[in-house]
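A.B. asks: Can you read through this structure? Questions will come right after.
There are 2 protein chains.
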Amino acid sequence: MLREEDLSLLRSRLSFWEHLNEGERELLLNGTSPAHFSAGQSLHCGERDCIGILLVKSGSIRIYITSEEGREVTLYRLEAGDICVLSASCVMSSIDFDVSIDAETDCEVLQISAACFSRLSAGNVYVELFSYKLAAERFSDVMWAMQQILFTSFDRRLAAFLLEESAKSQSAVLHMTHEQIAKYLGSAREVVSRMLSYFAKEGYVTLARGSITIVDAEGLRRL
Amino acid sequence: MLREEDLSLLRSRLSFWEHLNEGERELLLNGTSPAHFSAGQSLHCGERDCIGILLVKSGSIRIYITSEEGREVTLYRLEAGDICVLSASCVMSSIDFDVSIDAETDCEVLQISAACFSRLSAGNVYVELFSYKLAAERFSDVMWAMQQILFTSFDRRLAAFLLEESAKSQSAVLHMTHEQIAKYLGSAREVVSRMLSYFAKEGYVTLARGSITIVDAEGLRRL
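Chains as they are written, first to last, in our numbering: chain A, 1 to 223; chain B, 1001 to 1223.
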């Protein structure tokens, strides 16, 4: 069941709300339910499932692509207040690619089912526009990621990643393996380990089993 | 002045036409004009100019991004019948990245000015939806390009490129320099030259000054 806070989240985040008639609002509320995803859970993968629109209430969702050999490249992340639209790509005729979507941490979301969103979208041009405008925002995220991947040399990417993770967890100590970092950056473990050793030698970080401590954030930022 | 064929192109390609009232149609026709671009001409670069929507009547337009060091990566191309929408990104609030756009060959287009498209888009939700749906199609193109660049090894990318160019020009002889190919593939001239020598040694192609002849298309396809 939807609670009062869920209703106000829907009203504030779905910009098409004011363009819905009574029947459409009822359809929307009946097609929306709270859902919980556990850290590491796969929400959407290729064309297998179309789980609809997700409004993130808490936690972090990662959107990425995977090569045939299993290499992953992170496109962007969604946090509290964000809306995941590529999980409903089956509803959007102009989107003919697919991505993988994982819960990166435990997540609470409001889920609008694909069937419900599809009906609303077919009958109300404002709903359709809403989803395509969101897709355009994600397009912008992907272009940013693409420029980082193609044009930034790896030392700068790794430095940016460490600073970002440190800011996110509000701690200078990062508990991540080199393997995990490689996965996020679409690189190989050996490349990450080599660059981290270089960072340690330069005095930017200290390394311990399973953790990395930033000791010279200014140095990393200069990269 | 717009000719009869231009009018029917607008009517057939602009799916919002039927949702325009008389005044809006007049605004559109007054804001649209035929334009010619010469091969190599830059149409749009970063945030400098917002030239509006382009309907391609003939020729080929290339959309690409450029690194600070001048490296180019082609995102996609538009040909006769296609519509260029990122040249009007200033009108679209949800798009906050920018690309470079060049005429790859001599081009004839119909150009809808940014001012005209902006007014139509602000007053008619179907016009706005049209531009965001087109952007979503280009999003799909970019995802495809990204997967090619990140996940396909270079021999396969070069083989695919040669076959594609050969199909496009309906000829086994390609008149392109290694430098040009490198530019299209976001690579370096030396890398292209090395791989082409390898292809020649394997009997897939023969090389001459300024041209490449495909002699074993099947071999390239197998890559």
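Think of the CB as a built atom: it goes at the ideal place given N, C-alpha and C, for glycine as much as any other residue.
(1) Go ahead and pull the three-state DSSP assignment for Arg1221 (chain B).
(2) So, Tyr16 (chain A) versus Phe161 (chain A), is the Cβ gap smaller than 8 Å?
(3) Give me, in chain order, the residues of the same chain whose beta-carbon lies closer than 6 Å to that of Arg156 (chain A); leave out the 5 immediate sequence neighbours on both sides.
(4) For chain A, check one thing: does any of its Cβ atoms lie closer than 8 Å to the Cβ of Ser1087 (chain B)?
(5) Using three-state DSSP, classify Ser1058 (chain B) as helix, strand or coil.
(6) Determine the chain B residues that contact Gln148 (chain A) at a beta-carbon separation under 8 Å, and present them in chain order.
(7) Determine whether the Cβ of Lys1133 (chain B) lies closer than 8 Å to any Cβ atom of chain A.
(8) Going by the beta-carbon positions, is the gap between Arg189 (chain A) and Ala182 (chain A) smaller than 8 Å?
(9) Does DSSP classify Ile1051 (chain B) as helix, strand or coil?
(10) Could you check whether Ser67 (chain A) and Phe1151 (chain B) sit closer than 8 Å to each other, using their CB atoms as the reference points?
(11) Given this structure, state the Cα-to-Cα distance separating Asp1102 (chain B) from Val173 (chain A), to the nearest angstrom.
(12) Thinking C-beta only, is Leu110 (chain A) closer than 8 Å to Pro34 (chain A)?
(13) On the premise that Ile53 (chain A) lies in contact with Cys84 (chain A), defined as a C-beta separation below 8 Å, what is that separation, rounded to the nearest angstrom?
(14) Could you tell me which of A:Ser113, A:Ser94, A:Ala136 and A:Ile112 sits nearest to Ser1094 (chain B), measuring between CA atoms?
(15) Against Leu1224 (chain B), what residues of chain A qualify as contacts under a CB-to-CB distance less than 9 Å, listed in chain order?
(16) Comparing the C-beta of Ser12 (chain A) with each C-beta of chain B, is any distance below 8 Å?
(17) Which runs of the alpha helix (DSSP H) at least 4 residues long sit entirely within the segment 163–218 of chain A? Give them in chain order.
(18) Using a Cβ-Cβ cut-off of less than 8 Å, list which residues of the segment 1116–1130 of chain B approach chain A; keep chain order.
(19) Nearest to Gly186 (chain A) by CA position, among A:Arg3, A:Arg25, A:Val91 and A:Ser153, is which residue?
(20) Let me check understanding here. Comparing Cα to Cα, which of B:Ser1038, B:Gln1180, B:Asn1030 and B:Thr1177 lies closest to Ser1060 (chain B)?
C.D. replies: Once the coordinates are examined:
(1) Working through the second sequence from its first residue, we reach residue 1221 (chain B) at position 221. Arg1221 (chain B): helix per DSSP, three-state reduction.
(2) Numbered from its first residue, the first sequence carries residue 16 (chain A) at position 16. Numbered from its first residue, the first sequence carries residue 161 (chain A) at position 161. Per the sequence shown, the amino acid found at residue 16 (chain A) is Phe instead of Tyr. It is not a contact, given that the beta carbons lie outside the stated cut-off.
(3) As a first step, residue 156 (chain A) is located in the first sequence; it is residue number 156 there, counting from the start. Excluding positions up to five away in sequence, the list reads Leu223.
(4) In the second sequence, counting from the first residue as 1, residue 1087 (chain B) sits at position 87. So no, Ser1087 (chain B) is outside the interface.
(5) For the purposes of this step, residue 1058 (chain B) is identified with residue 58 of the second sequence, where counting begins at 1. The answer is strand: DSSP assigns Ser1058 (chain B) an E or B state.
(6) In the first sequence, counting from the first residue as 1, residue 148 (chain A) sits at position 148. Those do not exist, as Gln148 (chain A) stays about 11 Å from chain B at its closest Cβ, beyond 8 Å.
(7) Walking along the second sequence from the start, residue 1133 (chain B) turns up at place 133. Answer yes: the Cβ-Cβ gap between Lys1133 (chain B) and chain A drops below 8 Å somewhere.
(8) Locating residue 189 (chain A) in the first sequence gives position 189, counting from the first residue. Locating residue 182 (chain A) in the first sequence gives position 182, counting from the first residue. Yes. Within cutoff.
(9) Here residue 1051 (chain B) is taken as the residue at index 51 of the second sequence, counted from 1. In this structure, Ile1051 (chain B) counts as coil in the three-state DSSP scheme.
(10) Within the second sequence, the letter at position 151 stands for residue 1151 (chain B). Within the first sequence, the letter at position 67 stands for residue 67 (chain A). Yes.
(11) Working through the second sequence from its first residue, we reach residue 1102 (chain B) at position 102. Working through the first sequence from its first residue, we reach residue 173 (chain A) at position 173. Taking the straight line from one Cα to the other gives about 47 Å.
(12) As a first step, residue 34 (chain A) must be located in the first sequence, where it is residue number 34. As a first step, residue 110 (chain A) must be located in the first sequence, where it is residue number 110. Yes, the Cβ-Cβ distance between Pro34 (chain A) and Leu110 (chain A) is below 8 Å.
(13) Within the first sequence, the letter at position 84 stands for residue 84 (chain A). Within the first sequence, the letter at position 53 stands for residue 53 (chain A). Correct: roughly 7 Å between the Cβ atoms.
(14) The count along the second sequence starts at 1 and reaches residue 1094 (chain B) at position 94. Looking at the Cα atoms, A:Ala136 is the closest of the given residues.
(15) Outside the shown range of chain B (1001 to 1223) lies residue 1224 (chain B), about which nothing can therefore be said.
(16) One-based indexing of the first sequence puts residue 12 (chain A) at position 12. It does not; no Cβ of chain B falls within 8 Å.
(17) 178–185 and 189–201
(18) Val1125, Tyr1126, Glu1128 and Leu1129
(19) Counting from 1 along the first sequence, the entry for residue 186 (chain A) is found at position 186. Nearest option by C-alpha distance: A:Ser153.
(20) As a first step, residue 1060 (chain B) is located in the second sequence; it is residue number 60 there, counting from the start. Minimum Cα distance to Ser1060 (chain B) is reached at B:Ser1038.
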